[in-house]
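**Student:**
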Amino acid sequence: MIIATAGHVDHGKTSLVRQLTGVETDRLAEEQRRGLSINLGYAYLSRPQGMPLGFIDVPGHQRFINTMISGISGIDMGMLVVAADDGPMPQTHEHMDVLQLLGVEQLVLVISKIDRVSAERLQEVKAKLRGILAARPWSNVDIFPVSNAVGDGVADLKSHLLECAEQTATRASTGYFRLSIDRAFTAKGAGLVVTGTASSGVVSIGESLTLLPRNIEVRIRGIRAHGEPAERAMAGQRCALNIAGKLEAATIDRGDWLTDPKAARAGNRLDVSFSLLESAPFAIKHLAPVKMYVGAKRIAGRLALIGDGQGANRLYPGASCLAQLILDGDVACVHGERFLLRDHAENVILGGGTILDPDGPRSGKSRPERITWLKALREYSPAAKLTSLIAQDQLVNMDHFRQTCNLREDEPIEPSPTDMRLFTSEGSQWAVNTRCWARADKLLAGHLEQWHRENPKLPGIKVTALKPAMSKSCESPLAMAVLTARLQNGSFVLDNGCIHQSNFQPAVSADELVHWQKLRQYLQRSGDNIPLLPEISAQTGITPPDLQKVAKNAMKNGELCGITDMRYALPEQLMRFAREVLSCESSGEPITVIALKTRFGTGRRLTIEILEYFDQVRFTRRLGDMRVILDPDLPLRLFKG
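Position in the sequence shown counted from 1, then plus 11, gives you this note's numbering.
1) Can you grab the Cα-Cα spacing for the pair alanine 451 / arginine 497, in whole Å?
2) Once you ignore the five residues that flank aspartate 539 on each side, which residues in its own chain have a CB closer than 8 Å to its CB?
3) What does DSSP give as the partner residues of methionine 245 in its beta bridges?
4) Does the contact criterion of 3 or more C-beta pairs under 8 Å hold for the region 171-187 versus the region 399-419?
5) Enumerate in chain order the residues of its own chain whose CB-to-CB distance from alanine 307 is below 7 Å, with the five nearest sequence positions on each side excluded.
6) What would DSSP say about arginine 531, mapped onto helix, strand or coil?
7) Considering only C-alpha positions, which residue in the set Leu336, Val342, Asn564, Ile310 is nearest to leucine 316?
8) Flag this pair as yes or no: are the beta carbons of leucine 351 and leucine 144 separated by less than 8 Å?
9) Using 8 Å as the threshold, is the C-beta distance between alanine 169 and leucine 31 below it?
10) I'd like the list of long-range same chain contacts for glycine 65, defined as Cβ closer than 6 Å, with 5 residues on each side in sequence excluded.
11) So what's aspartate 126 in DSSP terms, helix, strand or just coil?
12) With a CB to CB cut of under 8 Å and the five nearest residues on each side skipped, what residues in its chain are close to aspartate 642?
13) What residue ranges within the region 358-391 form continuous alpha helix (DSSP H) runs of no fewer than 4 residues, ordered along the chain?
14) Tell me, which residues are paired with valine 229 by DSSP?
15) Which of the three DSSP states, helix, strand or coil, is assigned to arginine 132?
16) Let me make sure I understand the geometry here. Which of Asn226, Asn500, Arg616 has the alpha-carbon closest to that of isoleucine 574?
17) Would leucine 338 and threonine 270 be called neighbours here (beta carbons separated by less than 8 Å)?
18) Pair every Cβ in the region 359-374 with every Cβ in the region 436-448, then say whether three or more of these pairs are closer than 8 Å.
19) Report the rounded CA-to-CA distance for valine 305 versus glutamine 512, giving the unit in angstroms.
20) Does DSSP put glutamine 584 in a helix, a strand or coil?
21) Pick from Arg446, Lys468, Arg373, Gly347: whose alpha carbon is nearest that of phenylalanine 412?
22) Output needed for threonine 618: all residues of its chain with C-beta closer than 6 Å, excluding positions within five of it in sequence on either side, in chain order.
23) For the region 209-227 against the region 242-259, are there 3 or more C-beta pairs whose distance is under 8 Å?
24) DSSP three-state label for glycine 552, please.
25) Measure how close the beta-carbons of arginine 309 and valine 301 come, nearest whole angstrom, since I'm counting them as under 8 Å.
26) In chain order, what residues of the same chain have a beta carbon less than 6 Å from the beta carbon of alanine 195, not counting five sequence neighbours either side?
27) Check whether the Cβ atoms of proline 582 and phenylalanine 650 sit closer than 8 Å, and answer yes or no.
28) Pull up the distance between the alpha-carbon of leucine 287 and that of isoleucine 227, whole angstroms please.
29) Thinking C-beta only, is threonine 103 closer than 8 Å to glycine 18?
30) Out of Val592, Leu593, Met566, Ile360, which has the shortest C-alpha to C-alpha gap to alanine 580?
31) Pick out whichever of Ala138, Arg127, Glu174 has its Cα sitting closest to the Cα of aspartate 163.
32) Between proline 393 and isoleucine 424, which are expected to be in contact by the criterion C-beta below 8 Å, what is the C-beta distance as a whole number of angstroms?
33) Between Leu133, Asp108, Asp167, which has its C-alpha nearest tryptophan 149's C-alpha?
34) If we ignore side chains and look at the alpha-carbon of each, how far apart do arginine 353 and glutamate 105 end up?
This is how it looks when you write it as C-alpha cells:
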C-alpha cells in the first residue's frame, strides 16, 4: 500500500513520516535549512508479512502544489495532516480537492501538535474537520490526534495503517506495464535510475520498455520495489528502475512514462469526462486555457467542451461534461487514468476527471457515434463498456478497444456481451451485434439482387465497385466480412473478379456474345498497338453501334478499360504499359512521352492517349513535359482483370 501525506505547510507531515518510519524525507540541504519540504520524499515501513508500506511525503507550501500533485498519482491512501493550533488552512482544502479529484478512496485524518493545545481546542478542531468532511467522500474517516514532539498517538496511527494495509486488496497486475516517472538521477556504480508508482502490468529485469513521449527504448537492469531489491515490479508498487539506453537523466522529464512497447503511444488530444468543482471561482469557457496534471506530468493546453454540459460554450461550477483536452505537447495516457486541471495562471484548482480516449480525433468530436463511444467508455469495466457499445449498434474495432483500455491480447473481456459476433476484416478483429450483422447481410443481398436486375447481361459486379456502393449504408469492415461469409457459404460466387449470386446467369444474346469474343480476340492479337474502334469494326464486321454497346458492357464488367471514346484496351494490355512506366521511374529516367514511346513500342498519339488515361485514373500526374507516379500500387488494383 502506498500512502501520501497531504496538508498545509508546517503542519508536521515530514515529522510524522519520520516518527512512523524512522526516515528523514527532507534530504535536500535547503529543505533541512528552511525546515520546509520542497521536493517529494520517500520512506517505507516494514510489515511482519507482505510488502512494506510506502510513504510519499509531499510539500505543503502553495508554491509547490505542482510537486504535491505529482506525488499523489497512483496512491492507495491519503494521510491528511492538520495542526491542532492552526486548524484547517488554505492548503488543507486544496489538498483535499486534489485527493478527491484523483480518486483517492481511503483517507486517514491526523491532527498534529496536540501537545500545544488544550483538550477543548482539540475537540473544536475535530468538530470543524468533521463538518468539512461531511460534504466529501470521507465523512466517516478515522481521526488520530498525535504529537510528533513527544510521540503521543503515533503507535495507534501506525497500528491503524498496518491494519488498513492488511485489508487493502493487492492491485490487479492487468494490462501492459506503465510507470509515470517522478524522479530521474544517476546513481554511482549503477547508472541511470528512475522512480515512480507502477499503475498497471508487470515488468521483470532484462525486459525492454519504451520511454514516452520520446519513444526511446530502454532495458531494465535492476529493480527496487517498495525499497527492497526485486526481480520484477508490478502495479501498485513504488518502484526504482535501473535502466540502460541511449539517454541520460537530463533528457527525462518528470511525468514521462515508461511503458510496455506494445502499449507505447502518445498524443496531444485526449477525450475526457470532466467535472468542474462547485468551489471553482468561475465558469469555464469553450477552449479555455488550462494546466493539466496526469500521473506526474504537468502540461498546458485548452479544454474543448463537446457534450453533456449546461451549454455548448460554457461549463458552470458543479457541472460535468464530455470534453477534449488539446495539449501543447504529447502525453502518454490510457483510458481510466485520473487527471485534474488548474487555471492557466495556476492560482486555483478547477476540477478533474477521467481519461476516456487518449487518441481523440481532430474533427468530428461531437458526432453522435463519437458521443456514444465516449459515454460507453464511462462504464465501470471493459465488459460493461463493450456491452454498452454493442447494445447501441456500434461496430467496435477490438484491437483499438483493447489498446484504449490498456488490455493485453491474452486478457479476456468477461462477461462478454451475449448478442455479439466477432469477425476479422481488414487486418483487425471487430465486434458487432447480431442485429447489425443481419441488417448488413440483407443490404448486401438486396444490393446485388438489384444490380443483377439492372445489369442482366453482365456476369456480376466487380468487388472494387461493390465495396464503395455498400459503404454508403454499411461500414466497410462489416460489409467485407458479410461478403466473405456469403462467399464461404456458397450463396455468392467470385468469378474472374466479379461477384454474382450462385443461381444467377447473365442474359447475354448469342450475337452479343459473339461480338464480345471477336472484340477480345482482336485486341489480344493487336498486342501493344491498340486499335481504334473504326479499325476493329472494319476488320470484324461488327457495326460501330454494336461495337460501342459491347465495349460499354465490358467496361461495366471490368473486362475493358476505356482509354478514349474510340479506343479500348484489355486490363492486361494496360498493365504492361504501367509496368514500363514504373520501370522508367526506377531506372532514374524521366517519365516523358519520348521515353515511353520507345518503351511502349507505340506511336506518339497512342502513347499520349495512354499517359492521359493514366493521369485520369490518378496513376500518374503531368508536370510540364514529365510525369510523376502518384500511386505505384494502383495498376495491381485496377488492371487485374
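The beta carbon of each residue, even a glycine, is placed where N, CA and C say it ideally should be. Computed from a predicted structure; not experimentally measured.
**Tutor:** To lay it out plainly:
1) 11 Å
2) Gln584, Arg587, Phe588, Phe611, Gly612, Thr613
3) Val213
4) yes
5) When the five nearest sequence neighbours on each side are left out, the beta carbons in the same chain lying within less than 7 Å of the beta carbon of alanine 307 are those of Ser81, Ser84, Ser191, Ile192, Asp193, Gly207, Arg265, Gly266, in order along the chain.
6) helix
7) Leu336 is the residue among Leu336, Val342, Asn564, Ile310 whose C-alpha sits nearest the C-alpha of leucine 316.
8) no
9) Note on residue identity: the sequence assigns lysine, not alanine, to residue 169. At the C-beta level, lysine 169 and leucine 31 come within 8 Å of one another.
10) Ile13, Tyr55, His237, Arg249
11) helix
12) Arg629, Phe630
13) 379-388
14) Leu220, Gly256
15) helix
16) Arg616
17) no
18) Fewer than three beta-carbon pairs drawn from the region 359-374 and the region 436-448 are found closer than 8 Å, and the two stretches are therefore not classed as touching.
19) 56 Å
20) helix
21) The shortest Cα separation from phenylalanine 412 among Arg446, Lys468, Arg373, Gly347 belongs to Gly347.
22) Val604, Leu607, Lys608, Phe611
23) Flag = yes, the region 209-227 and the region 242-259 touch.
24) The answer is coil: DSSP assigns glycine 552 none of H, G, I, E or B.
25) About 11 Å separates the two Cβ atoms, so there is no contact after all.
26) Val205, Ala260, Ile263
27) yes
28) 36 Å
29) Taking C-beta atoms as the reference points, glycine 18 and threonine 103 count as a pair closer than 8 Å.
30) Check the Cα spacing between alanine 580 and each of Val592, Leu593, Met566, Ile360: the tightest is with Met566.
31) Arg127
32) Indeed they touch by this definition, with Cβ atoms about 5 Å apart.
33) Asp108
34) 11 Å
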